[in-house]
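*Asks:*
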Amino acid sequence: MYIASDWKDYEVIDTGGGEKLERWGDIMLRRPDPQIIWPLASESAKWRDVHGHYHRSSAGGGQWEMKKSIPDDWKISYGKLKFHLRPTNFKHTGLFPEQAANWRWMMDKIAAANRPISVLNLFAYTGGATVAAASAGASVVHVDAAKGMVQWAKENVALSGLADKPVRYITDDVFKFVQREQRRGSKYDAIIMDPPSYGRGPGGEMWKLEASLYPFLESCMEIMSDRPLFMLINSYTTGISPTVLRNMLSMTMGKRYGGKLTSGEIGLPITASGMNLPCGILGRWEA
């Protein structure tokens with residue numbers, strides 16, 4: 001498991017009973033997590049003394065119960081990287097802290113390349129990977145279909161002091177964008193993607209990860225440069241094994257370029273128990 005263990009502004013304090021107790025800077029939140037199927041040892045006072053508690057609804061979705069006032073927007077840091085946070089209607093805060101394990105890896109790869117590196121960040125959300133890649137010296141094209149997420153990413157890049165770096169923000173359907181990049185002859189040294197389990201394109205096209213990921217990888221192969229540095233796939237789709245991502249990368253990037261393949265779970269340390277909380281999976285190809 002790849003563990004994001006070097007946070008100072010974030011912490012999984014405790015887990016149990018389908019929930020996790022987290023510290024985001026000075027803000028304490030209690031949120032549901034489907035991986036936490038073990039019981040809570042003790043609902044101590046710290047579990048009740050939170051700023052916000054997200055309650056899952058049996059009908060789907062849920063809502064926040066705010067027990068203490070919090071800012072509409074607050075900030076945390078990961079090293080030199082800085083991020084805006086705010087509670088959303090879907091329990092999230094705008095950041096997946098376990099991804100710090102990937103940020104550190106890609107920053108090291110980019111810095112060690114000793115040449116200009118162009119990165120394409122697909123399904124890029126609020127830009128955690130964009131901030132990391134730009135901070136390491138890469139030029140980045142950030143693509144997401146949600147206008148609000150792209151604006152949030154711009155705010156994170158600026159907050160990290162990187163507003164003058166070569167970052168392009170594209171609000172577009174990811175699949176259509178990759179097709180157009182093929183026609184334009186655009187090339188990238190690294191591609192990052194965090195594809196959804198399900199989705200629907202602007203023309204009604206249905207995306208289902210199990211059926212759509214491999215052909216999408218093949219499309220992305222056509223916009224890789226002659227000297228690719230890495231390809232990273234993140235997934236939060238339940239039921240998909242890390243080995244599946246590794247196999248797909250082996251049949252695409254590995255077959256064409258050789259290189260090194262790795263895969264595994266990604267997670268966060270739990271302070272109270274010393275255990276690790278699984279949060280998703282990844283597959284990596286690197287030169």
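Using full-length UniProt numbering, you'd call the opening residue of the sequence shown number 1 and step up by one each time.
Where is the CB? At the ideal position from N, CA and C, for every residue including glycine.
Taking a contact to mean a Cβ-Cβ separation below 8 Å, would you say Gly267 touches Leu282 in this structure?
*Replies:* Locating residue 267 in the sequence shown gives position 267, counting from the first residue. Locating residue 282 in the sequence shown gives position 282, counting from the first residue. At a Cβ-Cβ threshold of 8 Å, Gly267 and Leu282 do not count as neighbours.
*Asks:* Exposed or buried, what is Asp144 when buried is set at 16 or more other beta-carbons lying within 10 Å of its beta-carbon?
*Replies:* Position 144 of the sequence shown, counted from the first residue, corresponds to residue 144. By the 10 Å Cβ count, Asp144 comes out buried.
*Asks:* Spatial neighbours of Thr271 within its chain, please: CB distance less than 8 Å, with the 5 preceding and 5 following residues excluded, ordered by chain position.
*Replies:* Indexing the sequence shown from 1 puts residue 271 at position 271. Glu11, Val12, Ile13, Asp14.
*Asks:* What's the call for Ala45, buried or exposed, on a 16-neighbour Cβ count within 10 Å?
*Replies:* Position 45 of the sequence shown, counted from the start, is the residue given in the question as residue 45. It counts as exposed.
*Asks:* Which residue or residues does DSSP assign as beta-bridge partners of Thr243?
*Replies:* Here the question's residue 243 lines up with position 243 in the sequence shown. Note: Thr243 sits in no beta bridge, so no partner.
*Asks:* Using CA coordinates, which residue listed in Tyr236, Asp9, Ile117 is at the minimum distance from Leu229?
*Replies:* Looking up residue 229 in the sequence shown gives position 229. Checked all of Tyr236, Asp9, Ile117; the closest Cα to Leu229 is Ile117.
*Asks:* With contact counted as at least three CB pairs below 8 Å, one residue from each stretch, are the segment 192-199 and the segment 122-133 in contact?
*Replies:* Yes, they touch.
*Asks:* For a quick check, are the C-beta atoms of Gly259 and Glu286 less than 8 Å apart?
*Replies:* Here residue 259 corresponds to residue number 259 of the sequence shown, with the count starting at 1. Here residue 286 corresponds to residue number 286 of the sequence shown, with the count starting at 1. In this structure, Glu286 lies closer than 8 Å to Gly259 by Cβ.
*Asks:* What number of angstroms, rounded off, separates the C-alpha of Phe123 from the C-alpha of Tyr198?
*Replies:* The sequence position of residue 123 within the sequence shown is 123, counting from 1. The sequence position of residue 198 within the sequence shown is 198, counting from 1. About 12 Å.
*Asks:* Please work out which residues of its chain come closer than 6 Å, Cβ to Cβ, to Trp47, disregarding the five sequence neighbours upstream and downstream, and give them in chain order.
*Replies:* Your numbering for residue 47 matches position 47 in the sequence shown. Counting only Cβ-Cβ distances below 6 Å, and skipping sequence neighbours, we find Leu21.
*Asks:* Please classify Phe216: does DSSP put it in a helix, a strand, or coil?
*Replies:* To locate residue 216, count along the sequence shown from 1; it is residue 216. Phe216 falls in the helix class under three-state DSSP.
*Asks:* Just curious, the beta strand (DSSP E) that Thr130 is in, first and last residue?
*Replies:* On the sequence shown, position 130 is the one that residue 130 refers to. Unbroken run through Thr130 is the alpha helix (DSSP H), 128-135; no beta strand (DSSP E).
*Asks:* For Leu232 and Asp108, what's the separation of their Cα atoms in angstroms?
*Replies:* For the purposes of this step, residue 232 is taken as the residue at position 232 of the sequence shown. For the purposes of this step, residue 108 is taken as the residue at position 108 of the sequence shown. Their backbone Cα atoms lie some 14 Å apart in a straight line.
*Asks:* Taking 7 Å as the limit between beta carbons, can you name the residues of its chain near Ile27, skipping five residues before and five after?
*Replies:* Stepping through the sequence shown from its first residue, residue 27 is reached at position 27. Excluding sequence neighbours, Ile27 sits near His51, Ile70, Trp74.
*Asks:* Name the residue from Asp6, Arg115, Ile36 whose alpha carbon lies nearest to the alpha carbon of Leu277.
*Replies:* Within the sequence shown, the letter at position 277 stands for residue 277. Leu277 has its Cα closest to that of Ile36, out of Asp6, Arg115, Ile36.
*Asks:* Have a look at Glu222 and Trp207 and give me their C-alpha separation to the nearest angstrom.
*Replies:* Along the sequence shown, read from residue 1 onward, the residue named residue 222 stands at position 222. Along the sequence shown, read from residue 1 onward, the residue named residue 207 stands at position 207. Their backbone Cα atoms lie some 20 Å apart in a straight line.
*Asks:* Throw me the rounded Cβ distance for the Phe83 and Leu159 pair, which I believe falls under 8 Å.
*Replies:* As a first step, residue 83 must be located in the sequence shown, where it is residue number 83. As a first step, residue 159 must be located in the sequence shown, where it is residue number 159. So it is a contact: roughly 7 Å between Cβ atoms.
*Asks:* Determine the closest residue to residue 297 out of Lys147, Met106, Gly25, with distance taken between C-alpha atoms.
*Replies:* Residue 297 cannot be examined here, being either before or after the span of the chain that is shown, 1 to 287.
*Asks:* Do you know how far the Cα of Ala112 is from the Cα of Ala138?
*Replies:* The sequence position of residue 138 within the sequence shown is 138, counting from 1. The sequence position of residue 112 within the sequence shown is 112, counting from 1. Each residue's alpha carbon lies about 11 Å from the other.
*Asks:* If distances are taken between C-alpha atoms only, which option among Arg86, Asp173, Tyr78 comes closest to Arg104?
*Replies:* Taking the first residue of the sequence shown as position 1, residue 104 is located at position 104. Measuring from the Cα of Arg104, the nearest candidate turns out to be Tyr78.
*Asks:* To the nearest whole angstrom, what separates the beta carbons of Val174 and Ala134, a pair I think is in contact under 8 Å?
*Replies:* Numbered from its first residue, the sequence shown carries residue 174 at position 174. Numbered from its first residue, the sequence shown carries residue 134 at position 134. Val174 to Ala134, Cβ: 19 Å. No contact.
*Asks:* Give the DSSP-derived three-state secondary structure of Trp74 in the structure shown.
*Replies:* By 1-based counting over the sequence shown, the position of residue 74 is 74. In the structure shown, Trp74 sits in a strand (DSSP, three-state: E or B).
*Asks:* Report the option in Pro269, Ile110, Ala146, Met251 whose CA atom is closest to the CA atom of Arg200.
*Replies:* Numbered from its first residue, the sequence shown carries residue 200 at position 200. Selected option, being the one with the closest Cα: Ala146.
*Asks:* Let me know if Gly61 comes out buried or exposed under the rule of 16 or more other beta-carbons within 10 Å of its beta-carbon.
*Replies:* Position 61 of the sequence shown, counting from 1, holds the residue named residue 61. The residue in question, Gly61, is exposed, as its Cβ has fewer than 16 Cβ neighbours within 10 Å.
*Asks:* Between which two residues does the alpha helix (DSSP H) harbouring Arg86 extend?
*Replies:* By one-based count along the sequence shown, residue 86 stands at place 86. Unbroken run through Arg86: none, as it is neither H nor E.
*Asks:* Determine the contact status of Val119 and Ala190, defining contact as a CB-CB distance below 8 Å.
*Replies:* Within the sequence shown, the letter at position 119 stands for residue 119. Within the sequence shown, the letter at position 190 stands for residue 190. Contact: yes.
*Asks:* Could you tell me how far apart the beta carbons of Lys187 and Met224 are, in whole angstroms, since I believe they sit closer than 8 Å?
*Replies:* For the purposes of this step, residue 187 is identified with residue 187 of the sequence shown, where counting begins at 1. For the purposes of this step, residue 224 is identified with residue 224 of the sequence shown, where counting begins at 1. Their Cβ separation, rounded to whole angstroms, is 7 Å, which keeps Lys187 and Met224 in contact under 8 Å.
*Asks:* Could you say which of Ser5, Met1, Asn247, Leu40 lies nearest to Glu19 if we only look at CA atoms?
*Replies:* If you number the sequence shown from 1, residue 19 lands on position 19. Comparing alpha carbon positions, the residue from Ser5, Met1, Asn247, Leu40 closest to Glu19 is Leu40.
*Asks:* Rounded to a whole number of angstroms, what is the C-alpha to C-alpha distance between Arg115 and Lys165?
*Replies:* Stepping through the sequence shown from its first residue, residue 115 is reached at position 115. Stepping through the sequence shown from its first residue, residue 165 is reached at position 165. Rounded to whole angstroms, Arg115 to Lys165 spans 16 Å at the Cα level.
*Asks:* Report the rounded CA-to-CA distance for Arg183 versus Tyr169, giving the unit in angstroms.
*Replies:* The sequence position of residue 183 within the sequence shown is 183, counting from 1. The sequence position of residue 169 within the sequence shown is 169, counting from 1. One alpha carbon belongs to Arg183, the other to Tyr169, and they sit about 19 Å apart.
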